[in-house]
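Visitor: My questions will all concern the structure given below.
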Amino acid sequence: MVENDCNRLKSELCKSIERNNADSLLLSGGLDSSILASIMNPTYSWTIGFGRDSPDLSFARRVATKYSKKHTEIILTDLELLTIINKIIYLFKTFDPIEIRNSSVMYAGLSKVREEGISTIMTGDGGDELFAGYNYLKRYFSNMQVLKAQLQRLWDTMHFSSSLIGSEVGIDVKTPFLDKKFMYYCKNIDIDKMVGKHVNELWGKFVLRKCFEQELGAEIVWRTKLAQEEGAGIINIRNLLMERLDDSSYKEDITKALSEGVIIKDKEQLYYYKIFRTYFSPPKNEECSSARCPKCSCCFKWKGRFCRTCGAFPVTPH
């Protein structure tokens, strides 16, 4: 990576942070939020964990020690997480397990921070989308043109739960990676600079990693990508929910769901669907002029082939 590339990237990101100013940061210890920490030197930073062995906690601690003035770890109990899950299902009108788990991380962070009197906070939303950071994109790393097309599709359909959750809990969420001017700059970076080889492996977000390696160190910069639900340990809620439903009840309930036009894939999703039904009618009862999801019968209102109601992918609405 040439020096000019890094100088321009850092300059554009610094200007975006100035335009989206905040003195508090949700810090996962992943690449994007760690980069923000190294530039903004937050007065306050927070990390969420479902259990004290959540991977994000130790990584964020390393970054916070160097760049944050006061760092707080938010450790969720079973009851707290289950309460948040109920709120996410209602707020997003969904029973998609991945959306619920990932958004629960954001809800936990933003709501706890707001309770502390903080009114504005920064997040690293958008880094993975702009710089090819998602693990599923690795299958396209050998063909830059295909990768570019996949990124364009991702840019056209990406959405972030932080905005809606922020509005719900009363906190202003600043997202420098999603700043319009910064996004315009990023979308014009040569696609070849998004991917590069490190220790005989191709990595996404290569330009970000190389440009901030000195500030963050190899352990943070070359940290393996984890989804929010994995880094915060929220993924472990699956085991708890699986234990709550016995096999006979599960069979009975998925048969009932099927009669309502919903195909349930496992006990975790059934748990979420049963909560969904306490708030909403079956998706098939929605009036719509659009096509419907073949897995849950909801009105398919989105671009792409991902259903935000049930999480089915890929789907062909009909």
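The opening residue of the sequence shown carries number 400 in the numbering used here; numbering runs sequentially from there. Where a beta carbon is used, it is the ideal one built from N, C-alpha and C, also for glycine.
Are the beta-carbon atoms belonging to Ser437 and Leu426 less than 8 Å from one another?
Guide: By one-based count along the sequence shown, residue 437 stands at place 38. By one-based count along the sequence shown, residue 426 stands at place 27. No.
Visitor: Cβ of Asp455 within 8 Å of Cβ of Gly630?
Guide: Looking up residue 455 in the sequence shown gives position 56. Looking up residue 630 in the sequence shown gives position 231. Going by C-beta atoms, Asp455 is nearer than 8 Å to Gly630.
Visitor: Nearest-angstrom Cα distance between Thr715 and Cys692?
Guide: Taking the sequence shown and counting its residues from 1, the one referred to as residue 715 is at position 316. Taking the sequence shown and counting its residues from 1, the one referred to as residue 692 is at position 293. A direct Cα-to-Cα measurement between Thr715 and Cys692 gives close to 7 Å.
Visitor: Does the count of Cβ pairs from the segment 649 to 657 and the segment 516 to 525 closer than 8 Å reach three?
Guide: no
Visitor: Quick one: residues in its chain with C-beta nearer than 7 Å to the C-beta of Arg451, no 5 flanking neighbours on either side, listed in chain order?
Guide: Stepping through the sequence shown from its first residue, residue 451 is reached at position 52. Answer for Arg451: Ile474, listed in chain order.
Visitor: May I ask you to report which of helix, strand or coil DSSP gives Asp404?
Guide: Numbered from its first residue, the sequence shown carries residue 404 at position 5. Three-state DSSP puts Asp404 in a helix.
Visitor: With burial defined as no fewer than 16 other Cβ atoms inside 10 Å of the residue's Cβ, what is the status of Ser518: buried or exposed?
Guide: Reading the sequence shown from its first residue, position 119 is the one you call residue 518. The residue in question, Ser518, is exposed, as its Cβ has fewer than 16 Cβ neighbours within 10 Å.
Visitor: Helix or strand or just coil, what does DSSP make of Asp578?
Guide: Here residue 578 refers to the residue found at position 179 when the sequence shown is read from its first residue. In this structure, Asp578 counts as coil in the three-state DSSP scheme.
Visitor: Just reading off the beta strand (DSSP E) that Tyr443 is part of, what are its end residues?
Guide: As a first step, residue 443 is located in the sequence shown; it is residue number 44 there, counting from the start. Segment Tyr443 to Gly448, the beta strand (DSSP E) holding Tyr443.
Visitor: Whose C-beta lies closer than 7 Å to the C-beta of Phe576 among residues of the same chain, with five residues either side of it excluded?
Guide: The residue labelled residue 576 in the question sits at position 177 within the sequence shown. Excluding residues within five positions, the ones whose Cβ falls inside 7 Å are Asp431, Gly523, Asp524, Gly525, Gly526 and Leu529.
Visitor: Arg461 and Ile619: beta carbons closer than 8 Å?
Guide: Mapped onto the sequence shown, residue 461 falls at position 62. Mapped onto the sequence shown, residue 619 falls at position 220. Result yes, Cβ atoms of Arg461 and Ile619 sit closer than 8 Å.
Visitor: Check whether the segment 402 to 419 and the segment 478 to 494 are in contact - that is, three or more C-beta pairs closer than 8 Å.
Guide: no
Visitor: Hey, could you find the ends of the alpha helix (DSSP H) Gly630 is sitting in?
Guide: Within the sequence shown, the letter at position 231 stands for residue 630. Counting along the chain, the alpha helix (DSSP H) containing Gly630 begins and ends at Gln627 to Gly630.
Visitor: Excluding sequence positions up to five away, which residues of its chain have a Cβ less than 6 Å from the Cβ of Met439?
Guide: Within the sequence shown, the letter at position 40 stands for residue 439. Excluding positions up to five away in sequence, the list reads Ile416.
Visitor: With respect to the alpha helix (DSSP H) encompassing Lys596, which residues constitute its N-terminal and C-terminal limits?
Guide: The residue labelled residue 596 in the question sits at position 197 within the sequence shown. Looking at the DSSP string, Lys596 is not in any alpha helix (DSSP H); the run it does join, the beta strand (DSSP E), is Gly595 to His597.
Visitor: What does a CB cutoff of less than 6 Å around Cys585 pick up in its chain, not counting 5 residues either side in sequence?
Guide: In the sequence shown, counting from the first residue as 1, residue 585 sits at position 186. Leu529.
Visitor: What is the rounded straight-line gap between the Cα of Lys547 and the Cα of Tyr670?
Guide: Residue 547 sits at position 148 when you count from the first residue of the sequence shown. Residue 670 sits at position 271 when you count from the first residue of the sequence shown. Each residue's alpha carbon lies about 38 Å from the other.
Visitor: By Cβ distance, which residues of its chain are closer than 7 Å to Glu685, with the 5 residues on each side in sequence left out?
Guide: By 1-based counting over the sequence shown, the position of residue 685 is 286. The residues are Cys697 and Cys698.
Visitor: Helix, strand or coil: how does DSSP classify Cys698 here?
Guide: Here residue 698 corresponds to residue number 299 of the sequence shown, with the count starting at 1. In this structure, Cys698 counts as strand in the three-state DSSP scheme.
Visitor: Is Asp571 helix, strand or coil when you go by DSSP?
Guide: By 1-based counting over the sequence shown, the position of residue 571 is 172. Strand at Asp571.
Visitor: Apart from the five residues on each side of it in sequence, which residues of its chain come closer than 8 Å, Cβ to Cβ, to Phe581?
Guide: Mapped onto the sequence shown, residue 581 falls at position 182. Excluding sequence neighbours, Phe581 sits near Glu411, Leu412, Lys414, Ser415 and Pro575.
Visitor: Would you mind stating whether Ile484 and Ser453 have Cβ atoms separated by less than 8 Å?
Guide: Within the sequence shown, the letter at position 85 stands for residue 484. Within the sequence shown, the letter at position 54 stands for residue 453. For Ile484 and Ser453, no; Cβs fall outside 8 Å.
Visitor: Relative to the C-alpha of Arg552, which residue among His717, His470 and Gly703 is closest?
Guide: Numbered from 1 along the sequence shown, position 153 holds the residue referred to as residue 552. Comparing Cα-Cα distances from Arg552 to each of His717, His470 and Gly703, the minimum goes to Gly703.
Visitor: What separation, rounded to the nearest whole angstrom, lies between the Cα atoms of Asn534 and Lys624?
Guide: Stepping through the sequence shown from its first residue, residue 534 is reached at position 135. Stepping through the sequence shown from its first residue, residue 624 is reached at position 225. Their backbone Cα atoms lie some 7 Å apart in a straight line.
Visitor: At which residues does the beta strand (DSSP E) containing Leu481 begin and terminate?
Guide: As a first step, residue 481 must be located in the sequence shown, where it is residue number 82. First-last for Leu481: Asp477 to Phe491, but that is the alpha helix (DSSP H), not the beta strand (DSSP E).
Visitor: Beta-carbon within less than 8 Å of Arg622's beta-carbon, same chain only, minus the 5 sequence neighbours each way: which residues are those?
Guide: For this step, residue 622 is matched to residue 223 along the sequence shown. Here the set comprises Gly428, Gly429, Leu430 and Phe458.
Visitor: Do the segment 594 to 603 and the segment 552 to 568 touch if we need at least three Cβ pairs shorter than 8 Å?
Guide: No, because fewer than three Cβ pairs between the segment 594 to 603 and the segment 552 to 568 fall closer than 8 Å, the two stretches do not touch.
Visitor: Give me, in chain order, the residues of the same chain whose beta-carbon lies closer than 6 Å to that of Ser560; leave out the 5 immediate sequence neighbours on both sides.
Guide: As a first step, residue 560 must be located in the sequence shown, where it is residue number 161. Cβ neighbours of Ser560 beyond the five flanking positions: Ser502 and Met505.
Visitor: Do Ile662 and Lys694 have their C-beta atoms closer together than 8 Å?
Guide: Indexing the sequence shown from 1 puts residue 662 at position 263. Indexing the sequence shown from 1 puts residue 694 at position 295. Cβ distance < 8 Å, so Ile662 and Lys694 count as in contact.
Visitor: Looking at Gly516 and Ile447, is the spacing between their C-beta atoms short of 8 Å?
Guide: Translated into positions along the sequence shown, residue 447 becomes position 48. Translated into positions along the sequence shown, residue 516 becomes position 117. Going by C-beta atoms, Ile447 is not nearer than 8 Å to Gly516.
Visitor: Is Ile564 closer than 8 Å to Phe710 when the C-beta atoms are compared?
Guide: Along the sequence shown, one-based indexing puts residue 710 at 311. Along the sequence shown, one-based indexing puts residue 564 at 165. The identity of residue 710 in the sequence shown is Gly, whereas the question assumes Phe. No; because the gap between Cβ atoms is not below 8 Å, this pair is not in contact.
Visitor: With distance defined between alpha-carbon atoms, name the residue in Phe705, His717 and Lys666 nearest to Ser689.
Guide: Within the sequence shown, the letter at position 290 stands for residue 689. The residue with the shortest Cα to Cα distance from Ser689 is His717.
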